[in-house]
Every structure is written in C-alpha cells, then in structure tokens.
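Read through the structure below, which is laid out as structure tokens, and then see the notes.
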Amino acid sequence: MFNALIARLKGHPKDKPLPALDVRLAMAALLVRMAKADEHYAFEEIAEIDTILARAHGLNPVEAAKLRADAERIEAAGPDTADFIAEVQGHTPYEDRAALFGALWDVGLADRALQPQEEAFLTGLGAALGLSPADAADTARRHDKPDTQP
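In this text, residue positions in the sequence shown follow my numbering: the first is 16, and each later residue adds one.
Here it is as structure tokens:
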C-alpha cells in the first residue's frame with residue numbers, strides 16, 4: 016500500500032495523462048465521488064454509474080465503462096468537488112442538473128443503504144448545482160426510501 020502511494024505521488028511513466036475536464040467527465044466524476052463518499056466503492060454503485068452514463072449519453076456498456084474509468088482517474092487526482100460542480104453548472108441546463116442530482120441519489124442508494132458520509136456529500140449539493148430548494152427537497156424526498164414493491 017505504501018509503495019502504491021509513493022508511486023502515485025511520483026507519477027509513473029506508463030500513466031496516461033488525465034483527460035481534459037468537460038461536462039460529461041465532470042458529471043461522471045461527481046457520480047464516482049458520490050460512490051466513494053463512504054470509502055466503500057461497491058460493485059452495485061459501479062454498475063449504477065455505468066447504467067446512468069449509458070442512459071444519459073447514449074453509450075453502449077463498454078463506452079460507459081470507459082467514461083467511468085476516465086472519471087475515476089480524474090476523481091482520484093483530487094480536484095475539489097466545487098471544480099466539478101462549476102463545470103456542470105456553467106454548461107448544463109437546469110433539467111440536466113436536476114437529473115444529475117437524482118442520479119447522485121441513485122448511486123448513493125445503489126447498495127441499498129445511504130451511509131452518513133454519502134448523506135453529508137449530498138447535503139447542499141442541490142443548491143451547489145443551482146437547483147431550487149423545492150426541487151432539491153423533492154428529489155431527496157423521492158429517494159428517501161428505496162422502492163421495495165415488486
């Protein structure tokens with residue numbers, strides 16, 4: 016583990032350069048950051064991210080996984096969440112930002128339990144994305160309890 020940390024700090028010549036941050040990548044990185052908020056990046060969360068990316072951008076499963084992999088690299092590089100949000104808010108219509116907020120909730124609930132760290136990550140994110148308090152609260156209310164009906 017220590018060697019991996021040193022290698023990350025030094026960089027590795029085989030490492031690919033990070034892709035330029037764009038709206039798609041910023042949205043994907045926010046989804047990854049949500050999934051990692053509780054320090055447990057579950058398979059269910061990864062699958063949910065891939066599903067969201069495929070649906071939102073018309074990607075096939077391989078393309079969605081590649082976008083997620085790029086987002087994982089960007090997210091791991093450590094840019095501030097505010098940088099991702101600024102990219103999204105500056106170039107994304109309101110409806111898409113509202114859909115992203117719902118998708119963030121979906122990722123948090125993918126493993127069927129919203130952990131306190133995930134809830135803390137979501138707190139204020141609606142406002143940061145420029146959503147009205149009513150829309151953010153409505154999204155939170157809709158996601159408050161996972162649907163258990165068949």
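Just so you know, even glycine gets a beta-carbon here, dropped at the ideal spot from N, CA and C.
As the structure is a prediction and not an experimental result, all values here were calculated from the model.
Count the other CB atoms, across all protein chains shown, that sit within 10 Å of the CB of residue 103; report buried if there are 16 or more and exposed otherwise. By one-based count along the sequence shown, residue 103 stands at place 88. When all chains shown are included, residue 103 counts as buried.
In or out: residue 163 buried (at least 16 other Cβ within 10 Å) or exposed? Against the sequence shown, residue 163 aligns to sequence position 148. Any reading at residue 163 must be qualified, since the residue scores a pLDDT of 37, below 50, and its modelled position is unreliable; the value itself is stated next. Answer is exposed; the Cβ neighbour count stays below 16.
Span of the alpha helix (DSSP H) around residue 55: What you label residue 55 is simply residue 40 of the sequence shown in a count that begins at 1. Looking at the DSSP string, residue 55 is not in any alpha helix (DSSP H), and its letter there is neither H nor E.
How close, in whole Å, do the beta carbons of residue 47 and residue 64 come, if the pair is a contact with beta carbons under 8 angstroms? The residue given as residue 47 occupies position 32 in the sequence shown. The residue given as residue 64 occupies position 49 in the sequence shown. Yes, residue 47 and residue 64 are in contact; Cβ-Cβ is about 7 angstroms, under 8 angstroms.
Just checking my contact of residue 118 with residue 59 at CB under 8 angstroms: how many whole Å lie between their CB atoms? In the sequence shown, counting from the first residue as 1, residue 118 sits at position 103. In the sequence shown, counting from the first residue as 1, residue 59 sits at position 44. No, residue 118 and residue 59 are not in contact; Cβ-Cβ is about 14 angstroms, not under 8 angstroms.
Hey, out of 113, 96, 108, whose CA is closest to residue 49's CA? Locating residue 49 in the sequence shown gives position 34, where the first residue counts as 1. Checked all of 113, 96, 108; the closest Cα to residue 49 is 96.
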